[in-house]
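Numbering (my numbering), first residue to last: 181 to 634.
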């Protein structure tokens, strides 16, 4: 039992205990304990005990500085002492579901801790619109042989994603009311030019005609994607291949020929219900973030989210009841999917407890306000933010319809994480991984190797 002399530093307590034949150096570090036994009682053994104490203290302080930079001390990084933070997460990023805000949470968490991400060699798409396959992830030469996080656009394939993520990874995604999602998708990607039909006509024409007109085109008839893949180039893909009706269901793995098959849709939803540990709901973002924090055992600051990739007001269109109803009919698979997981959210919030939820929401609002006031100098349409910006940096803004953040302090690394646009953040992580994982193999070489094994 440790007694007599005790020295305390953050997360560490040490004690030096004299006895007839030993010096025991007892230490507790984050709840663990150990003992260093030194026979005899001469002065040099006392000196060794002192040095051991100093080494443990120094190691603890070094750990603090490496894992939790001093810039973070001001924040709220404490987590529930009854659980262990989850370091491996598969986040299925659905289109136009506020998923960029959730992705930013994951990017910040992983970058602060030096975790590994499944990243494409360029851009922010992992094989989409093809279902994810392990060959889409670069080879990783670290001790575990797994990645920690998968958070970029990919079509869900549970078995293949679990193959590249660390065992025990938690799976999370987010859904949004289907009519609102489709209006956002149609505007953001300017699909009127792709489909050559206005949204007004979509909502006022027969279901059969619209479904045929907006149907996804067969992939890669000319083999152009495969040729690009073999040459190590970006895939030659038209937006029509990956964007359209029932976008959530498509991203989550349902094939277009199953969209109107009620039995297949319900079977698909049951599979997702068992595969995902948590399905967030965009319309209930604050409660979703609290549940995400609870699931992953992260801190409140870890799940603070700003609204990323949001359209400016002039590009938003309110839907009338008739238009909303028609869009839900057209996106029937998404409507079934959304209603199921909206009900699941009701159940999870109820099980979490009303008082506990309100307490967590107040704390989340406080921390969100703290970081917003500390980091955000203003919000401007991207077309204004791009004025005077170099061509090299402009490439990161792929859509002029959205608004972006102006940083209050451009030198703050913590604020940079909260405000960074997805492509900027992704490129920074990609560069880090090229240094820390120097034996990463290119996508093409990895794909060929895996194809020969199968």
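Cβ atoms here follow ideal geometry from the backbone N, Cα and C, with glycine treated the same way.
Item to check | Runs of alpha helix (DSSP H) wholly within the region 318-375 (minimum 4 residues, chain order) | outcome: DSSP runs (the alpha helix (DSSP H)) wholly in the region 318-375: 338-344, 358-368, 371-375.
Checklist entry - Nearest to residue 422 by alpha carbon, out of 305, 285, 558, 315? => result 305
Item to check | Distance between residue 299 and residue 606 (C-alpha atoms, nearest Å) | outcome: Between residue 606 and residue 299, the C-alpha separation is close to 8 Å.
Next on the checklist: Quick check: what's the CA-CA separation for residue 326 versus residue 377?
Outcome noted: 45 Å
Item to check | Residue from 595, 328, 590 whose Cα sits closest to the Cα of residue 550 | outcome: 595
Next on the checklist: For residue 290 and residue 560, what's the separation of their Cα atoms in angstroms?
Outcome noted: 28 Å
Item to check | For residue 344 and residue 381, believed in contact at Cβ under 8 Å, the rounded distance | outcome: That pair is no contact at about 43 Å.
Checklist entry - By how many angstroms is the C-alpha of residue 612 removed from the C-alpha of residue 486? => result Approximately 24 Å between the Cα atoms of the pair.
Item to check | Buried or exposed by the 16-neighbour rule on C-beta atoms within 10 Å, applied to residue 526 | outcome: exposed
Item to check | residue 613 (DSSP reduced to helix, strand or coil) | outcome: helix
Item to check | Same chain only: Cβ atoms within 6 Å of residue 514, ignoring 5 sequence neighbours per side | outcome: 358, 426, 428, 429
Next on the checklist: Using a 10 Å radius around the Cβ and a threshold of 16 neighbouring Cβ atoms, would you call residue 538 buried or exposed?
Outcome noted: exposed
Checklist entry - Nearest to residue 277 by CA position, among 468, 536, 546, is which residue? => result The option with the nearest alpha carbon to residue 277 is 468.
Next on the checklist: To the nearest angstrom, how far is the alpha carbon of residue 454 from that of residue 340?
Outcome noted: 16 Å
Checklist entry - The alpha helix (DSSP H) with residue 390 in it runs from where to where? => result 387-393
Checklist entry - Thinking C-beta only, is residue 285 closer than 7 Å to residue 483? => result Taking 7 Å as the Cβ cut-off, residue 483 and residue 285 qualify as a contacting pair.
Item to check | Buried or exposed (CB count within 10 angstroms, at least 16 for buried), residue 388 | outcome: exposed
Next on the checklist: Rounded to the nearest angstrom, what separates residue 502 and residue 324 at their Cα positions?
Outcome noted: 54 Å
Checklist entry - Taking C-alpha atoms, which residue in 489, 436, 529, 437 lies nearest to residue 461? => result The residue with the shortest Cα to Cα distance from residue 461 is 529.
Next on the checklist: Are the CB atoms of residue 353 and residue 516 within a distance shorter than 7 Å?
Outcome noted: Judged by their CB atoms, residue 516 and residue 353 are not nearer to each other than the 7 Å cut-off.
Item to check | Paired residues, beta bridge with residue 261 - DSSP | outcome: Looking at the DSSP output, residue 261 sits in no beta bridge, so it has no partner there.
Checklist entry - So what does DSSP say about residue 503, is it helix, strand or coil? => result In the structure shown, residue 503 sits in a helix (DSSP, three-state: H, G or I).
Checklist entry - When the Cα atoms are used, what is the spatial distance from residue 496 to residue 616? => result 42 Å
Item to check | Contact the region 429-442 vs the region 360-377: 3+ CB pairs below 8 Å | outcome: no
Checklist entry - What is the DSSP secondary structure of residue 311, counted as helix, strand or coil? => result strand
Checklist entry - What does residue 552 pair with, by DSSP beta-bridge criteria? => result Paired residue(s): none; residue 552 is not in a bridge.
Checklist entry - With burial defined as no fewer than 16 other Cβ atoms inside 10 Å of the residue's Cβ, what is the status of residue 542: buried or exposed? => result Residue 542 comes out exposed.
Next on the checklist: Need the endpoints of the alpha helix (DSSP H) that residue 598 sits in, please.
Outcome noted: Counted as a single uninterrupted DSSP element, the alpha helix (DSSP H) harbouring residue 598 occupies residues 593-599.
Item to check | Nearest residue (CA-CA) to residue 582, options 593, 589, 588, 602 | outcome: Residue 602 is the option with its Cα nearest to residue 582.
Item to check | DSSP-derived helix/strand/coil call for residue 461 | outcome: strand
Checklist entry - In the structure shown, what three-state DSSP assignment does residue 290 receive? => result The answer is helix: DSSP assigns residue 290 an H, G or I state.
Next on the checklist: Quick check: what's the CA-CA separation for residue 301 versus residue 261?
Outcome noted: Whole-angstrom Cα-Cα distance: 38 Å.
Checklist entry - So is residue 545 buried or exposed if we call it buried at 16+ other beta carbons inside 10 Å? => result Residue 545 comes out exposed.
Next on the checklist: Spatial neighbours of residue 491 within its chain, please: C-beta separation below 6 Å, excluding the five flanking residues on both sides.
Outcome noted: 581, 582
Next on the checklist: Please classify residue 531 as buried or exposed, where buried requires at least 16 other C-beta atoms within 10 Å of its C-beta.
Outcome noted: exposed
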